[in-house]
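Student: Sharing a structure below in structure tokens format, with a few things to ask.
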Amino acid sequence: MNSEINILQRIIENNENVIIRAEYLQTEHQIKCGTELLKGRWVDEDQVEKLLKKLGKQLEINNGYVVIENGVATEHKRNLKYRKYENLNTIETQEYKVKYSLSCFYGKVYFYDGDGCDFVVKGLGKFGDQDDLDTLYREIDVFLAIGGQEHISGIIKMLGVVRNEDGDVIGIALEKGERFVAENITQAQKAELCDGVAYLHSRGYIHCDIKEPNVVIVNEHAKLIDIGSCLAVDDKTSAIFMTEDCGDPKLLTGERGRPGFEFDIYCLCKLFGLDSTKYKTIEDIKKA
Ligand SMILES: Nc1ncnc2c1ncn2[C@@H]1O[C@H](COP(=O)(O)OP(=O)(O)OP(=O)(O)O)[C@@H](O)[C@H]1O
Ligand SMILES: [Mg+2]
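Residue numbers for the sequence shown follow full-length UniProt numbering, so the first one is 1 and each next one is one higher.
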């Protein structure tokens with residue numbers, strides 16, 4: 001099998017010069033890592049790191065890039081514009097081992113080993129770039145704007161932030177949930193999600209991405225995650241992070257060409273298997 005990672009291995013073993021980083025490069029060997037590209041195709045960042053280890057290039061790649069020149073690898077730290085969020089609680093992750101991670105829009109969601117560990121961390125991947133970091137900060141800002149460090153029915157709680165050795169924020173710690181399966185939803189859980197969406201709307205936010213993978217179950221309670229996809233209703237410029245397959249084109253190209261509260265109501269109906277032409281308010285859905 002001539003996979004991308006094998007091509008990369010050959011390049012390195014042949015002592016050809018190569019740069020592995022999180023951006024497209026105008027060079028002979030184009031590799032995008034993290035969400036990666038090698039001559040037009042994607043390579044998994046963990047595979048790249050394993051390969052470097054296997055080939056004796058003992059490098060941790062953390063928000064930077066690696067240059068391999070004449071067989072010698074050097075790590076370059078990227079100059080990212082970090083934020084400190086000094087008032088936010090710091091969650092220490094050092095004592096836990098990462099059990100597994102899932103990819104998310106701007107990096108990874110890390111799950112840890114250990115009985116006492118009741119949180120997950122949504123943070124930058126090893127190859128995160130400035131856009132990724134800014135998207136992480138956007139999620140933190142929404143949590144702060146809605147008071148998401150307190151208990152809110154139907155909304156995942158932010159427990160604090162994760163920092164690097166310089167105190168820069170590189171992740172969000174969230175209470176840990178279990179996978180949600182829409183067909184098993186209870187009446188009480190439907191009500192919780194309705195409350196969560198109504199709360200966001202009361203704070204002037206549209207979630208924009210209500211769907212099965214963006215709900216988790218915490219101690220039997222249903223909670224919305226992916227709070228970074230929230231859009232302030234009067235925000236006419238920010239990027240919209242929304243699911244492609246739950247959109248009714250009419251809702252997306254409304255008068256402002258941007259989603260409004262009705263879009264969340266439409267998505268809630270879809271999630272609960274309700275006819276969206278019949279339910280126009282969250283109260284209606286809650287009574288259904
Ligand atoms: N608090 C949590 N508890 C348990 N699992 C979580 C939690 N937060 C996120 N996850 C898992 O990680 C996945 C990705 O997280 P999230 O939806 O927040 O990121 P995303 O940016 O939307 O990524 P994607 O683009 O894949 O939707 C979720 O679908 C869920 O499986
Ligand atoms: Mg998601």
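Glycine included, every Cβ here is placed at the ideal spot set by N, Cα and C.
For the alpha helix (DSSP H) holding Phe119, just list the boundary residues, first then last.
Tutor: Stepping through the sequence shown from its first residue, residue 119 is reached at position 119. Run containing Phe119: none in the alpha helix (DSSP H); it sits in the beta strand (DSSP E), Phe119 to Leu124.
Student: Buried or exposed: Gly167, going by 16 or more other Cβ atoms within 10 Å of its Cβ?
Tutor: Translated into positions along the sequence shown, residue 167 becomes position 167. Classification for Gly167: exposed.
Student: Would a C-beta distance cut-off of 8 Å place Ile227 and Gly148 closer than the cut-off?
Tutor: On the sequence shown, position 227 is the one that residue 227 refers to. On the sequence shown, position 148 is the one that residue 148 refers to. Result yes, Cβ atoms of Ile227 and Gly148 sit closer than 8 Å.
Student: Would you call the segment 267-277 and the segment 183-202 in contact, with 3 or more CB pairs under 8 Å?
Tutor: Yes: at least three Cβ pairs fall under 8 Å.
Student: With DSSP collapsed to three states, give me the class of Leu268.
Tutor: By 1-based counting over the sequence shown, the position of residue 268 is 268. Helix, per DSSP.
Student: In its own chain, which residues sit with a C-beta less than 6 Å from the C-beta of Thr27, not counting the 5 before and 5 after it?
Tutor: The residue labelled residue 27 in the question sits at position 27 within the sequence shown. In this prediction, Thr27 has a pLDDT of 41, which is less than 50 and means its spatial position is unreliable; nothing more can be read from the coordinates.
Student: Ends of the alpha helix (DSSP H) at Arg10?
Tutor: On the sequence shown, position 10 is the one that residue 10 refers to. Here the alpha helix (DSSP H) through Arg10 covers Glu4 to Glu13.
Student: Span of the alpha helix (DSSP H) holding Tyr137?
Tutor: Locating residue 137 in the sequence shown gives position 137, counting from the first residue. Taken as a continuous stretch (DSSP letters only), the alpha helix (DSSP H) holding Tyr137 covers Gln130 to Ile146.
Student: For Tyr110, report the span of its beta strand (DSSP E) as first-last.
Tutor: Residue numbering aside, residue 110 sits at position 110 when the sequence shown is read from its first letter. Counting along the chain, the beta strand (DSSP E) containing Tyr110 begins and ends at Gly107 to Tyr112.
Student: Buried or exposed: which applies to residue 306, given that a residue is buried once 16 or more other Cβ atoms fall within 10 Å of its Cβ?
Tutor: An answer regarding residue 306 cannot be provided, because it is not within the stretch 1 to 288 covered by the chain.
Student: If we call anything under 8 Å between Cβ atoms a contact, is Leu174 one with Lys99?
Tutor: If you number the sequence shown from 1, residue 174 lands on position 174. If you number the sequence shown from 1, residue 99 lands on position 99. In this structure, Lys99 does not lie closer than 8 Å to Leu174 by Cβ.
Student: Gly11: which of Asp46, Leu51 and Glu139 sits nearest, CA to CA?
Tutor: Locating residue 11 in the sequence shown gives position 11, where the first residue counts as 1. It should be pointed out that residue 11 corresponds to Ile in this sequence rather than to Gly. When only C-alpha atoms are compared, the closest one is Leu51.
Student: Specify, as a first and last residue, the run of the alpha helix (DSSP H) that Lys287 falls within.
Tutor: Taking the sequence shown and counting its residues from 1, one reaches residue 287 at position 287. Element bounds for Lys287: Ile282 to Lys287.
Student: Going by beta carbon distance, what residues of the same chain come within less than 7 Å of Leu25, once the five residues before and after it are set aside?
Tutor: Against the sequence shown, residue 25 aligns to sequence position 25. Here the model assigns Leu25 a pLDDT of 36, short of 50, so the residue's position is not dependable, and the following value carries that caveat. These residues qualify, in order along the chain: Ile19.
Student: Considering only residues of the segment 62-89, which uninterrupted beta strand (DSSP E) runs meet the minimum length of 3 residues and lie entirely inside it, listed in chain order?
Tutor: Segments of the beta strand (DSSP E) lying fully in the segment 62-89: 64-69 and 72-77.
Student: With H, G and I counted as helix, E and B as strand and the rest as coil, what does DSSP make of Tyr279?
Tutor: Position 279 of the sequence shown, counting from 1, holds the residue named residue 279. Here Tyr279 sits in coil by DSSP.
Student: Given that a residue counts as buried once 16 or more other Cβ atoms are within 10 Å of its Cβ, and exposed if not, what is Ala22?
Tutor: Position 22 of the sequence shown holds residue 22. Only weak support exists for where Ala22 lies, its pLDDT of 47 falling under 50; the value from the coordinates is given anyway. Buried: at least 16 other Cβ atoms inside 10 Å.
Student: Which stretch, first to last residue, makes up the alpha helix (DSSP H) that contains residue 292?
Tutor: Outside the displayed range of the chain (1 to 288) lies residue 292, so it cannot be described from this structure.
Student: Just to confirm my understanding: we take Arg203, look at its own chain, exclude 5 residues before and 5 after, and list those with CB closer than 6 Å. What are they?
Tutor: In the sequence shown, the residue the question calls residue 203 occupies position 203. Here the set comprises Ile146.
Student: Report the partner residues of Leu224 according to the DSSP bridge assignment.
Tutor: On the sequence shown, residue 224 is found 224 positions in, with the first residue counted as 1. Answer by DSSP bridge pairing, in chain order: Ile155 and Val215.
Student: By the three-class DSSP mapping on this structure, what secondary structure does Leu55 have?
Tutor: Taking the sequence shown and counting its residues from 1, the one referred to as residue 55 is at position 55. Coil.
Student: From the DSSP output, in three-state form, read off Val48 for me.
Tutor: Counting from 1 along the sequence shown, the entry for residue 48 is found at position 48. Val48: helix per DSSP, three-state reduction.
Student: State yes or no: is the C-beta of Asp226 nearer than 7 Å to some heavy atom of ligand 1?
Tutor: Locating residue 226 in the sequence shown gives position 226, where the first residue counts as 1. Within the cutoff, so yes.
Student: Please determine whether the Cβ atom of Val120 lies at a distance below 7 Å from any heavy atom of ligand 1.
Tutor: Here residue 120 corresponds to residue number 120 of the sequence shown, with the count starting at 1. At least one heavy atom of ligand 1 is nearer than 7 Å to the Cβ of Val120, so yes.
Student: With DSSP collapsed to three states, give me the class of Ala173.
Tutor: Walking along the sequence shown from the start, residue 173 turns up at place 173. Three-state result, Ala173: strand.
Student: Just to confirm before moving on: does the CB-CB distance between Arg163 and Thr277 stay below 8 Å?
Tutor: If you number the sequence shown from 1, residue 163 lands on position 163. If you number the sequence shown from 1, residue 277 lands on position 277. Result no, Cβ atoms of Arg163 and Thr277 do not sit closer than 8 Å.
Student: Name the residue from Gln130, Ala232, Asn17 and Glu13 whose alpha carbon lies nearest to the alpha carbon of Asp141.
Tutor: In the sequence shown, the residue the question calls residue 141 occupies position 141. It is Ala232 whose Cα lies nearest to the Cα of Asp141.
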